[in-house]
Amino acid sequence: MKQHKTKWYKLDTSAKIYPALESERNPALFRVSMSLKKDVVPQVLLEALKSIKGRFPYYNVHLKKGLFWNYLEQNDNELKIWQDHPAPCEKIYTVLNNGYLYKVKYYKKKISLDIFHVLTDGYGAMEFLKTLVAQYLFLSGEISKVQNGILLPDEVPPKEEEEDAFLKVLELEKDNKKNDQERTLFNESKNYQIKDRYLPAYKYKIITGILSVDEMKSLAKKYNATITHILAALYIEAGIYLQASKVKDKKKHKSVALQVPVNMRKYYAYNCMRNFTLFVIPTIDPRKVTCFKDIVCQVKKQMDEQLDKSCLLAMVRENCALATNLIIKHVPIDIKNFFIRLINNTKSASRFVGTISNLGVVSLPEQMAAAVDEVSFLIGKSHNVKCSCGVTGYNNKIYISFGRSMKNPHIERHIFTSLVKMGIKVKLKSNY
Amino acid sequence: MSYCVQCGVELSKYQSKCPLCETDVVNPNIKVIEANSDYPDYKVVAEEEKKKVKRYVTGIILSIQVFVYSVIVLIIDLLVDGTISWSIIPILSLTLLWFGVAYPFFRAKNTFFRLFTYDCIAVMIFLVALNYAISSNFIWSRFTTVSIMILWVIIAGIFITDRIRKVLPVTIFYIVCSVILSIAMVLFINTTMSFLFAALPIIGTVFILSLISYFIYKSSSSGVLGLIMMVLVDASLLCVIIDLSLHYYLVASLGVSWSILVIGVLIPAASTLFAIKKSSELNTIISKKLHR
Numbered sequence: 038m039k040q041h042k043t044k045w046y047k048l049d050t051s052a053k054i055y056p057a058l059e060s061e062r063n064p065a066l067f068r069v070s071m072s073l074k075k076d077v078v079p080q081v082l083l084e085a086l087k088s089i090k091g092r093f094p095y096y097n098v099h100l101k102k103g104l105f106w107n108y109l110e111q112n113d114n115e116l117k118i119w120q121d122h123p124a125p126c127e128k129i130y131t132v133l134n135n136g137y138l139y140k141v142k143y144y145k146k147k148i149s150l151d152i153f154h155v156l157t158d159g160y161g162a163m164e165f166l167k168t169l170v171a172q173y174l175f176l177s178g179e180i181s182k183v184q185n186g187i188l189l190p191d192e193v194p195p196k197e198e199e200e201d202a203f204l205k206v207l208e209l210e211k212d213n214k215k216n217d218q219e220r221t222l223f224n225e226s227k228n229y230q231i232k233d234r235y236l237p238a239y240k241y242k243i244i245t246g247i248l249s250v251d252e253m254k255s256l257a258k259k260y261n262a263t264i265t266h267i268l269a270a271l272y273i274e275a276g277i278y279l280q281a282s283k284v285k286d287k288k289k290h291k292s293v294a295l296q297v298p299v300n301m302r303k304y305y306a307y308n309c310m311r312n313f314t315l316f317v318i319p320t321i322d323p324r325k326v327t328c329f330k331d332i333v334c335q336v337k338k339q340m341d342e343q344l345d346k347s348c349l350l351a352m353v354r355e356n357c358a359l360a361t362n363l364i365i366k367h368v369p370i371d372i373k374n375f376f377i378r379l380i381n382n383t384k385s386a387s388r389f390v391g392t393i394s395n396l397g398v399v400s401l402p403e404q405m406a407a408a409v410d411e412v413s414f415l416i417g418k419s420h421n422v423k424c425s426c427g428v429t430g431y432n433n434k435i436y437i438s439f440g441r442s443m444k445n446p447h448i449e450r451h452i453f454t455s456l457v458k459m460g461i462k463v464k465l466k467s468n469y
Numbered sequence: 043m044s045y046c047v048q049c050g051v052e053l054s055k056y057q058s059k060c061p062l063c064e065t066d067v068v069n070p071n072i073k074v075i076e077a078n079s080d081y082p083d084y085k086v087v088a089e090e091e092k093k094k095v096k097r098y099v100t101g102i103i104l105s106i107q108v109f110v111y112s113v114i115v116l117i118i119d120l121l122v123d124g125t126i127s128w129s130i131i132p133i134l135s136l137t138l139l140w141f142g143v144a145y146p147f148f149r150a151k152n153t154f155f156r157l158f159t160y161d162c163i164a165v166m167i168f169l170v171a172l173n174y175a176i177s178s179n180f181i182w183s184r185f186t187t188v189s190i191m192i193l194w195v196i197i198a199g200i201f202i203t204d205r206i207r208k209v210l211p212v213t214i215f216y217i218v219c220s221v222i223l224s225i226a227m228v229l230f231i232n233t234t235m236s237f238l239f240a241a242l243p244i245i246g247t248v249f250i251l252s253l254i255s256y257f258i259y260k261s262s263s264s265g266v267l268g269l270i271m272m273v274l275v276d277a278s279l280l281c282v283i284i285d286l287s288l289h290y291y292l293v294a295s296l297g298v299s300w301s302i303l304v305i306g307v308l309i310p311a312a313s314t315l316f317a318i319k320k321s322s323e324l325n326t327i328i329s330k331k332l333h334r
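Respectively, the protein sequence lines represent chains V and G. Its first residue numbered 38, the first sequence is counted upward by one per residue in this note's numbering. Its first residue numbered 43, the second sequence is counted upward by one per residue in this note's numbering.
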């Protein structure tokens, strides 16, 4: 008889919706990549992946269905690595992937990790990739040992890493009075959404812009803002210009909103390797801004307000409210999934012009940094958000990767040409 | 290195066009465009010049042929008999032929299931019209029509199962079709309403048992043993309901007869399986599947 001693994990609060939303046009995954200085050897990469499997047991799982919620169960199947695909972030068919919810891909000098959002967010994925690449470099003899700053493959993962940090925050803040600011995930106002033809489902166009960190910092300083604020403002400005070109009557112009994920680990010091991000949504009314500086000021103001502790707590409570609601908890999962999809397609996700996610500076130990050329982060395709942007910094460079499932590169063109006009040198890479 | 003259961005060595504005790269210093070192290229598939099959013209030609034959038949009928009499039958046949052969040429996309559905509808209409043309009533065509509907339901279920691959929609499809067919049989085949009162409880029981079984099976990973147990229990309950319904339909009173024998065999079998299955490991499985 089968031994039912396999470990299992509940989905964390944010992850509960992703199995319902997953489809070919909306695979709910993202990619983190590192480009090395030498070509990747697949056999060594596979060995490296196998050797770090025990360090990340919460990523090496199947997704299973329960009566009320999905859950993750330990996966003991053989690991696989894949050759990269021309259109990254394609849906992961677990049947072909031995049940795993992530794929490690390689192409020439690049190692990429496509990971389902059910498992983790950008921070967790990057830690996983760092460990994988470090182990790969160690096994191929390019570094003498896996150094500090990288999770060691042999160590036992602490319990804290697999816990749901949102519930811990709720527990921590339960004595806090509920005078949080009102915020709703379901924005009632109708914001501008880009209308353009979709590419075929198997295509996903990527453009990566490489810029100098110093140049961007000096630009940001000029506007008294951060790099994220500048990029978010440029993104919104692109949306405003696009709307102006399509809708001639200014009175009919709608607000332009942008989704900006925020790493909650900066605010609550939990070493959680599952999902622990929330979203801030700067929204700009085009009729109330006249120049780029206005947009930057408004974006900065709104983001600072929304990142205030009481507002963050309200977001955490709201995020957890649905999953902890007594009635919703006892509704069968198929009914829940139906409503999650319905709400996602009508109210929540269809109100943004895009998403911009900044993973921040990726720092690697010295030996490893000598072997790694580039680090990038790409958000996967989404049916509702036609264009998204992932930002990372490494080795004094910023990598801004746009992925779009629509025909025209409106947003990318505006952002990169604006940066060039502001005196920033931009180098482009693309998959087409 | 190359730059886009429109956008001002630096381009990679493998780019022959600017990805932002699609302006061609013209750099006399670059002789050969390198292969993309960041992403693999789509395989270059030589675009075959699609032979434009003039579907529409073929459809027109076939339609004209069918029309001409129909007209010839009609003229002969008029010349010989002076009225339209026997020509209705070949004209109906030619119409069916047109629908089956020529009509698909006017549609851009033809799938097997779609063509099958249209052909079923065409054959039903043809048989009804033929019945009326020959006998001025609908006596025998009712049976053929209902038979074709049953055939369509079975084939459609296979296609839907293949497409959707989920138990619930397929079950709902068969249940709805069963109800419709039962009503159709009452209306077309002149069965009494009591037939419906016998059929509907059975259909309803199948539906409810399917739903309950589906949720129970999905919620507990009892494996093959659990599935068999459930099938046995469902079969027992269904047999009881069928026995009761048929007894009422035939004898106008409720009672059970043969279903007792069935229960007497199936329920002990299910209990045996349950006893075998029962173990402490089940607790772990249930806690996984039923966690909230």
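We put the beta carbon where it would ideally sit given N, CA and C, even for glycine. Everything numeric in this text was worked out from a predicted model, so none of it was measured.
Option in the options with minimal Cα separation from residue i
i                     : options                      : result
residue 374 (chain V) : V:106, V:352 and V:328       : V:106
residue 285 (chain V) : V:311, V:335 and V:324       : V:324
residue 292 (chain G) : G:311, G:241 and G:51        : G:241
residue 84 (chain V)  : V:403, V:421 and V:118       : V:118
residue 226 (chain G) : G:259, G:57, G:188 and G:253 : G:188
residue 319 (chain V) : V:244, V:46, V:334 and V:308 : V:334
residue 483 (chain V) : V:80, V:113 and V:72         : As shown, chain V starts at 38 and ends at 469. That puts residue 483 (chain V) outside it, with no answer to give.
residue 48 (chain G)  : V:52, V:458, V:467 and V:156 : V:458
residue 308 (chain V) : V:393, V:194 and V:461       : V:194
Inter-residue Cα distance where the pair is residue i and residue j
i                     : j                     : result
residue 296 (chain G) : residue 284 (chain G) : 11 Å
residue 275 (chain G) : residue 269 (chain G) : 10 Å
residue 306 (chain G) : residue 237 (chain G) : 28 Å
residue 110 (chain V) : residue 255 (chain G) : 24 Å
residue 249 (chain G) : residue 214 (chain G) : 7 Å
residue 209 (chain V) : residue 402 (chain V) : 34 Å
residue 336 (chain V) : residue 222 (chain G) : 59 Å
residue 465 (chain V) : residue 81 (chain G)  : 13 Å
residue 146 (chain V) : residue 411 (chain V) : 10 Å
residue 363 (chain V) : residue 372 (chain V) : 15 Å
residue 83 (chain G)  : residue 125 (chain V) : 12 Å
residue 298 (chain G) : residue 308 (chain G) : 16 Å
residue 367 (chain V) : residue 359 (chain V) : 12 Å
Own chain partners of residue i with C-beta closer than 6 Å, once the 5 adjacent residues on each side are dropped
i                     : result
residue 6 (chain V)   : Nothing about residue 6 (chain V) can be read from this structure; chain V reaches only from 38 to 469.
residue 220 (chain G) : 245
residue 330 (chain G) : none
residue 62 (chain V)  : 238 and 420
residue 455 (chain V) : 271
residue 87 (chain G)  : Any reading at residue 87 (chain G) is ruled out, since the residue's pLDDT is 37, under 50, leaving its predicted position unreliable.
Residue j beta carbon less than 8 Å from that of residue i
i                     : j                     : result
residue 333 (chain G) : residue 136 (chain V) : no
residue 453 (chain V) : residue 178 (chain V) : no
residue 441 (chain V) : residue 242 (chain V) : yes
residue 163 (chain V) : residue 399 (chain V) : yes
residue 353 (chain V) : residue 207 (chain V) : yes
residue 63 (chain G)  : residue 450 (chain V) : yes
residue 426 (chain V) : residue 443 (chain V) : no
residue 335 (chain G) : residue 157 (chain G) : Here chain G covers residues 43 to 334 and nothing more, so residue 335 (chain G) does not appear.
residue 158 (chain V) : residue 314 (chain V) : yes
residue 292 (chain V) : residue 356 (chain V) : no
residue 391 (chain V) : residue 236 (chain V) : no
residue 381 (chain V) : residue 86 (chain V)  : no
residue 92 (chain V)  : residue 190 (chain V) : yes
residue 141 (chain G) : residue 101 (chain G) : no
residue 46 (chain V)  : residue 98 (chain V)  : yes
residue 119 (chain G) : residue 129 (chain G) : yes
residue 194 (chain G) : residue 159 (chain G) : yes
residue 461 (chain V) : residue 248 (chain V) : yes
residue 311 (chain V) : residue 49 (chain V)  : yes
Spatial neighbours of residue i in its chain, beta-carbon cut-off 8 Å, leaving aside the 5 residues before and after
i                     : result
residue 115 (chain V) : 135
residue 224 (chain G) : 237, 238, 241, 242 and 245
Close Cβ partners of residue i (< 7 Å) along its chain, the five nearest in sequence each way excluded
i                    : result
residue 53 (chain G) : 44, 45, 46, 60 and 67
Bridge partners - residue i, DSSP secondary structure assignment
i                     : result
residue 246 (chain V) : V:437 and V:465
residue 424 (chain V) : V:441
residue 199 (chain V) : DSSP lists no partner for residue 199 (chain V).
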